[in-house]
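Peer 1: Protein chains in written order, with my numbering: chain A, 1 to 139; chain P, 1001 to 1139; chain V, 2001 to 2139; chain H, 3001 to 3139.
4 protein chains.
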Amino acid sequence: MPTACHTVCFRVRYSEVDPMGSYYNSRALEWFEHGRSELLRHLGMPYREMEQRGVQLPVVETHAQFLGRAQYDDLLKMTSTLSPAGKARYRFDVEICSADTQQPVCRGWTVHAVVDPAGKAIRPPSWLREFIAVHAENL
Amino acid sequence: MPTACHTVCFRVRYSEVDPMGSYYNSRALEWFEHGRSELLRHLGMPYREMEQRGVQLPVVETHAQFLGRAQYDDLLKMTSTLSPAGKARYRFDVEICSADTQQPVCRGWTVHAVVDPAGKAIRPPSWLREFIAVHAENL
Amino acid sequence: MPTACHTVCFRVRYSEVDPMGSYYNSRALEWFEHGRSELLRHLGMPYREMEQRGVQLPVVETHAQFLGRAQYDDLLKMTSTLSPAGKARYRFDVEICSADTQQPVCRGWTVHAVVDPAGKAIRPPSWLREFIAVHAENL
Amino acid sequence: MPTACHTVCFRVRYSEVDPMGSYYNSRALEWFEHGRSELLRHLGMPYREMEQRGVQLPVVETHAQFLGRAQYDDLLKMTSTLSPAGKARYRFDVEICSADTQQPVCRGWTVHAVVDPAGKAIRPPSWLREFIAVHAENL
């Protein structure tokens, strides 16, 4: 299974915490995006460059389990993993835990379609297929 | 299967739309919460009242499919459905479509644990079990 | 001074409340946008239509005073007022209070430039100047 | 005038960009909070520790000028400066520019009251006044 992964650390912001004292659920999806962006940059193909080449990767499906609390200012560690999901879709798996205690905070994934700037589904261009294939072989 | 449902309409805000021109994925989870709040109010048990009675229902798992685009100012129609999910969990299913064209926009669900204000899992109190049971019978 | 105003009601969402138990400050700016959108629709010129005619009104300056607390599910009343601010700028003033107690919650304003879809400042087109002038006379 | 400052860098997220292709205005207030948090940590008094000591610093007023565009993935540099604002208020000034071009992106400030966990305004405790005084002398 071709995969590629990358880990980033970040702190929970006050704006992201709700009255229960832990991060609000929708914020995890913003964190997932942060993880994807840094993973693609790490692999040498920033998402911005993909868009400049005419490819967009909108999220078409997501799943998340909220496994533990994370309070304001907690330092979290997020690992994102890229893999193909069929011929014209990609999947990012995400694991978030406390950087201090390693206790799990959130686990989830997103599946992405490949579309052109008009939003129309397209066959992944060769450079994108090669990017996926190369990074699969390296890992 | 005991269920209870409610429909609300709302417009997509500019703040919720990303450079692709459609709503950003995490915003759907905020919409889901809006649907849950209005459903519980409709059933006579606003979530605020639940919290005042010492019960919190944090989201422990979610799933969403992003089925269609929704642009700034589009009028959307969201139907939320409540059902039990085991002995101490509840589930809200959500369907969002265009109020004009009925085209699907998003479909998903959230599963909620029952916890006390300290965040500790508790057995649902009798008033909560009765609330679920009564509304199940009525629908 | 030409002005036009409109009032909407809405409830504070759980996602908008922080650990202090009141709405997080940045959310007020999202509410301001909701008020602007509904005011412009009320005046017969939805903002989406403005963009379709080639005009964008990005916020270039804002000010807000957070006057009182607003908790989850509180019903708020927001009045937005439109006025010119020089030759090529517009200003929306916003007052938000509790719909129940009328206690003030937030007061602020935004100033907007007039730009084309490329983001370049432009002279307001005649239809926009007339729209402002007409609604000024009517109020 | 006693002041203390700190600079952080961060990238604009996709979730923060609107259909005009630049960051949505309310996101700047979330960035301001990030800057405050890191400044206070840099000065040896993380905001979380303040709250643990029984002091909250809610934003009571804010002002922001949106000076330039910032697109997805742009690297921004934000400098936050702390200063007293009367006897029982503090002010953070913020400057955000492009880390690459140094072009200004946003300038603003927030003013904060000093309250107890119940939200009641209080006289700043001595440790807080000393913290402000010491850091004023050092800079």
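We treat Cβ as the ideally placed atom computed from N, Cα and C, and that holds for glycine.
Which same chain residues end up closer than 6 Å to P/P1104 when comparing Cβ atoms and leaving out the 5 residues on each side of it in sequence?
Peer 2: Position 104 of the second sequence, counted from the first residue, corresponds to residue 1104 of chain P. The answer, listed in chain order, is L1067, G1068 and C1097.
Peer 1: So, helix, strand or coil for A/I132, using DSSP?
Peer 2: Translated into the one-based positions of the first sequence, residue 132 of chain A becomes position 132. Three-state result, A/I132: helix.
Peer 1: Please list, in chain order, all residues of the same chain as A/E5 whose beta carbon is under 8 Å from its beta carbon, the five residues on each side excluded.
Peer 2: Along the first sequence, one-based indexing puts residue 5 of chain A at 5. Looking at the sequence provided, one finds Cys at residue 5 of chain A rather than Glu. Here the set comprises L39, T79, S80, T81, L82 and L139.
Peer 1: Cβ of V/S2022 within 8 Å of Cβ of H/L3029?
Peer 2: Here the question's residue 2022 of chain V lines up with position 22 in the third sequence. Here the question's residue 3029 of chain H lines up with position 29 in the fourth sequence. Against a cut-off of 8 Å, the Cβ pair of H/L3029 and V/S2022 comes out as no contact.
Peer 1: Distance check for H/F3131 and P/H1112, CA to CA, integer angstroms please.
Peer 2: As a working note, residue 1112 of chain P is residue 112 in the second sequence. As a working note, residue 3131 of chain H is residue 131 in the fourth sequence. Distance between the alpha carbons of P/H1112 and H/F3131: 43 Å.
Peer 1: Measuring straight from C-alpha to C-alpha, what distance separates A/R11 and V/M2045?
Peer 2: Here residue 11 of chain A refers to the residue found at position 11 of the first sequence. Here residue 2045 of chain V refers to the residue found at position 45 of the third sequence. Using only the alpha carbons, I get a separation of about 42 Å.
Peer 1: Straight-line CA distance for P/A1070 to P/F1092?
Peer 2: Residue mapping note: residue 1070 of chain P aligns to position 70 of the second sequence, counting from 1. Residue mapping note: residue 1092 of chain P aligns to position 92 of the second sequence, counting from 1. Cα to Cα, P/A1070 sits roughly 22 Å from P/F1092.
Peer 1: Taking its Cβ as the centre, do 16 or more other Cβ atoms sit within 10 Å of H/W3127, making it buried, or is it exposed?
Peer 2: Working through the fourth sequence from its first residue, we reach residue 3127 of chain H at position 127. Per the 10 Å Cβ criterion, exposed.
Peer 1: Check for me: the beta strand (DSSP E) holding A/Y90 runs from which residue to which?
Peer 2: By one-based count along the first sequence, residue 90 of chain A stands at place 90. Where A/Y90 is concerned, the enclosing beta strand (DSSP E) stretches over R89 to S98.
Peer 1: Would you tell me roughly how many angstroms separate the C-alpha atoms of A/R48 and H/K3087, rounded to the nearest one?
Peer 2: As a working note, residue 48 of chain A is residue 48 in the first sequence. As a working note, residue 3087 of chain H is residue 87 in the fourth sequence. Using only the alpha carbons, I get a separation of about 47 Å.
Peer 1: Provide the residue(s) that pair with A/M20 in DSSP beta bridges, ordered along the chain.
Peer 2: For the purposes of this step, residue 20 of chain A is taken as residue 20 along the first sequence, with counting starting at 1. Answer is none; A/M20 lacks a bridge partner.
Peer 1: Going by beta-carbon coordinates alone, are H/M3050 and V/Q2056 separated by less than 8 Å?
Peer 2: Here the question's residue 3050 of chain H lines up with position 50 in the fourth sequence. Here the question's residue 2056 of chain V lines up with position 56 in the third sequence. It is not a contact, given that the beta carbons lie outside the stated cut-off.
Peer 1: Output the boundary residues of the beta strand (DSSP E) element that contains P/A1004.
Peer 2: As a first step, residue 1004 of chain P must be located in the second sequence, where it is residue number 4. Per DSSP, P/A1004 belongs to the beta strand (DSSP E) from A1004 to R1011.
Peer 1: Considering only their Cβ atoms, is the gap separating H/R3013 from A/E61 smaller than 8 Å?
Peer 2: Stepping through the first sequence from its first residue, residue 61 of chain A is reached at position 61. Stepping through the fourth sequence from its first residue, residue 3013 of chain H is reached at position 13. It is not a contact, given that the beta carbons lie outside the stated cut-off.
Peer 1: Can you tell me whether V/D2074 is buried or exposed? The criterion is at least 16 other CB atoms within 10 Å of its CB, across all chains shown.
Peer 2: Your numbering for residue 2074 of chain V matches position 74 in the third sequence. Buried, since its Cβ has 16 or more Cβ neighbours within 10 Å.
Peer 1: Quick one: list the residues of chain H neighbouring V/S2037, beta-carbon separation under 8 Å, in chain order.
Peer 2: Taking the third sequence and counting its residues from 1, the one referred to as residue 2037 of chain V is at position 37. Under the 8 Å cutoff, chain H gives no residues; its nearest Cβ is about 13 Å from V/S2037.
Peer 1: Counting only Cβ pairs nearer than 9 Å, list the residues of chain A close to V/S2026.
Peer 2: In the third sequence, counting from the first residue as 1, residue 2026 of chain V sits at position 26. The contacting residues are S15.
Peer 1: Would you report the Cα separation of V/K2077 and V/W2109, rounded to the nearest angstrom?
Peer 2: Start at 1 with the first residue of the third sequence, and residue 2077 of chain V comes out as number 77. Start at 1 with the first residue of the third sequence, and residue 2109 of chain V comes out as number 109. Spanning the two alpha carbons is a distance of roughly 16 Å.
Peer 1: Can a CB atom of chain P be found closer than 8 Å to the CB of V/H2034?
Peer 2: Residue 2034 of chain V sits at position 34 when you count from the first residue of the third sequence. Taking Cβ atoms only, chain P reaches closer than 8 Å to V/H2034, which makes this a yes.
Peer 1: Which residues does DSSP list as the beta-bridge partners of H/V3115?
Peer 2: For the purposes of this step, residue 3115 of chain H is taken as the residue at position 115 of the fourth sequence. Paired residue(s): H/Q3056 and H/A3121.
Peer 1: Distance check for H/R3107 and H/Q3065, CA to CA, integer angstroms please.
Peer 2: As a first step, residue 3065 of chain H is located in the fourth sequence; it is residue number 65 there, counting from the start. As a first step, residue 3107 of chain H is located in the fourth sequence; it is residue number 107 there, counting from the start. Cα to Cα, H/Q3065 sits roughly 5 Å from H/R3107.
Peer 1: Between the alpha carbons of P/M1001 and P/V1134, how many angstroms are there, rounded?
Peer 2: On the second sequence, position 1 is the one that residue 1001 of chain P refers to. On the second sequence, position 134 is the one that residue 1134 of chain P refers to. Note on P/M1001: pLDDT 47, under 50, position unreliable in the model; the coordinate value appears next. Approximately 13 Å between the Cα atoms of the pair.
Peer 1: Please decide whether P/G1054 counts as near chain A, where near means a Cβ-Cβ distance under 8 Å.
Peer 2: As a working note, residue 1054 of chain P is residue 54 in the second sequence. Taking Cβ atoms only, chain A never reaches closer than 8 Å to P/G1054, which makes this a no.
Peer 1: Are P/V1114 and P/P1124 touching if we call contact CB-CB under 8 Å?
Peer 2: Within the second sequence, residue 1114 of chain P is the residue found at index 114, counting from 1. Within the second sequence, residue 1124 of chain P is the residue found at index 124, counting from 1. Contact: yes.
Peer 1: Any C-beta of chain H sitting closer than 8 Å to the C-beta of A/D73?
Peer 2: Here the question's residue 73 of chain A lines up with position 73 in the first sequence. Closer than 8 Å: yes.
Peer 1: Given the structure, does P/P1125 come close to the ligand GDP, in the sense that its CB is under 7 Å from one of the ligand's heavy atoms?
Peer 2: Absent from the structure shown: the ligand GDP. Ligands present: none.
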